[in-house]
Amino acid sequence: MSIVAQRILTSPRRLAMPVLSFPGASLAGTTVRGMVTNPDAQAAAELALHTKYATPFIMSAMDLSVEAEEFGASIMMDDWEVPTVTGRFVIDMPGIDQLRVPPVGAKRTTVYLKTIEKLRAAGTDAVVLGGMIGPFSLAGRLFGVSEALAETAGEPAMMHALVKKTTSYLTAYARAFKAAGAHGLIIAEPTAGLMSPASTSEFSSPYVKQIREAVEDGTFTIILHNCGARIGHLQASLASGAKILHFGKPMDLPAALAQVPGDTILCGNLDPSEIFVGSTVGDVAARTSALLAATASYKNFVISSGCDIPAAAPPANLAEFFTTVGR
Numbered sequence: 004m005s006i007v008a009q010r011i012l013t014s015p016r017r018l019a020m021p022v023l024s025f026p027g028a029s030l031a032g033t034t035v036r037g038m039v040t041n042p043d044a045q046a047a048a049e050l051a052l053h054t055k056y057a058t059p060f061i062m063s064a065m066d067l068s069v070e071a072e073e074f075g076a077s078i079m080m081d082d083w084e085v086p087t088v089t090g091r092f093v094i095d096m097p098g099i100d101q102l103r104v105p106p107v108g109a110k111r112t113t114v115y116l117k118t119i120e121k122l123r124a125a126g127t128d129a130v131v132l133g134g135m136i137g138p139f140s141l142a143g144r145l146f147g148v149s150e151a152l153a154e155t156a157g158e159p160a161m162m163h164a165l166v167k168k169t170t171s172y173l174t175a176y177a178r179a180f181k182a183a184g185a186h187g188l189i190i191a192e193p194t195a196g197l198m199s200p201a202s203t204s205e206f207s208s209p210y211v212k213q214i215r216e217a218v219e220d221g222t223f224t225i226i227l228h229n230c231g232a233r234i235g236h237l238q239a240s241l242a243s244g245a246k247i248l249h250f251g252k253p254m255d256l257p258a259a260l261a262q263v264p265g266d267t268i269l270c271g272n273l274d275p276s277e278i279f280v281g282s283t284v285g286d287v288a289a290r291t292s293a294l295l296a297a298t299a300s301y302k303n304f305v306i307s308s309g310c311d312i313p314a315a316a317p318p319a320n321l322a323e324f325f326t327t328v329g330r
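Residue numbers 4 to 330, in our numbering, belong to the letters of the sequence shown in order.
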């Protein structure tokens, strides 16, 4: 059993694992831009959240632009918004053939690897998790999301060629997170949730499985995140072999928990914008309590946000979430 799974399955109490990083910027006196460009700032923000909320898990920031940027894609950055990829970097098969798989650490990936090193060096008792984009989602960032989705039907061989290259790069990046000392890695594959379950099984799950098999052991585990997945995607997600799955708002978690064995852990799925940013403290308590009640009989469930919590989340809402789980 991995360190992450052991922490969850042997815990005497309910645990919380929200995808929480950018709200720490204000606590650490920095900005989102500071966090995604400076490992000292990112580590300080993560540790500030850990200190304030006694989080059992600490994770590097979810920035799904950093890998595409390393391939050469252009990004847009703002002080208080997560960076985004702009434009299409490759548009056809000749471009994919010529696409060079970059070495890890050529650009801002070093920020995230050094953040993990700093989080481990801090000596907390928390589980430390890295994070990176998934293989099909990275292909979508490079080729264009709508175009990549269309070509899974129109030119499937072309999409496989691109996903093979993104998988090669991401396998090396996952190994770097492991070497940096992370206990596990969240692979964010949101674009797979926009495909049919059959297409997810073809263009995402086998490639996630390839990455997982290259790095996973008793000291390091993969957590597969798909914020767009529905119950119909569950079997495709399980086909990756990941024993910890993290889902967003569309997933029917009680139904999913009824379909997985007890050693497969499911996490989710409070909507980050609707609940953590847009709700009152009372609503946060009510929605958190309702999800805990609906999953009370499952020790293999960890309550979480359905995706990354924005920097604008009110501290009172975050505090109420953790207080409700603790109660």
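Ideal Cβ positions, reconstructed from N, Cα and C, are used throughout, including at glycine.
Taking 7 Å as the cut-off, the Cβ atoms of T169 and P138 count as close.
By the CB criterion at 7 Å, D255 and I226 fall outside the cutoff. Fewer than three beta-carbon pairs drawn from the segment 71 to 91 and the segment 52 to 63 are found closer than 8 Å, and the two stretches are therefore not classed as touching. By the Cβ rule, the segment 116 to 126 counts as touching the segment 178 to 185, because three or more pairs are nearer than 8 Å. Check the Cα spacing between A142 and each of V211, L188, V218 and G251: the tightest is with V211.
Close CB contacts of T203 within its chain, under the 7 Å cut and outside five residues either way in sequence, are with A195, H236 and A239 (chain order). Annotation for E154: F146, M161 and M162 place their beta carbon closer than 8 Å to its own, counting only its chain and skipping 5 residues before and after.
Rounded to the nearest whole angstrom, the C-alpha separation of I268 and A57 is 22 Å. Per DSSP, G271 is one residue of the beta strand (DSSP E) stretching across I268 to L273. Of the residues assessed, R111 falls on the buried side of the cut-off, its CB having 16 or more other CB atoms within 10 angstroms.
In the three-state DSSP reduction, H236 falls in the helix class (H, G or I). Counting C-beta pairs with one atom in each stretch, the segment 310 to 317 and the segment 267 to 281 have three or more that are closer than 8 Å, which means they touch.
By the neighbour-count definition (other C-beta atoms within 10 Å, threshold 16), D95 is an exposed residue. T113: member of the alpha helix (DSSP H) spanning T112 to A124, first to last residue.
According to DSSP, residue pairing for I11 in a beta bridge does not occur. The beta carbon of N41 sits closer than 8 Å to the beta carbons of T33 and V114 from its chain, once the five residues preceding and following it are set aside; these are given in chain order.
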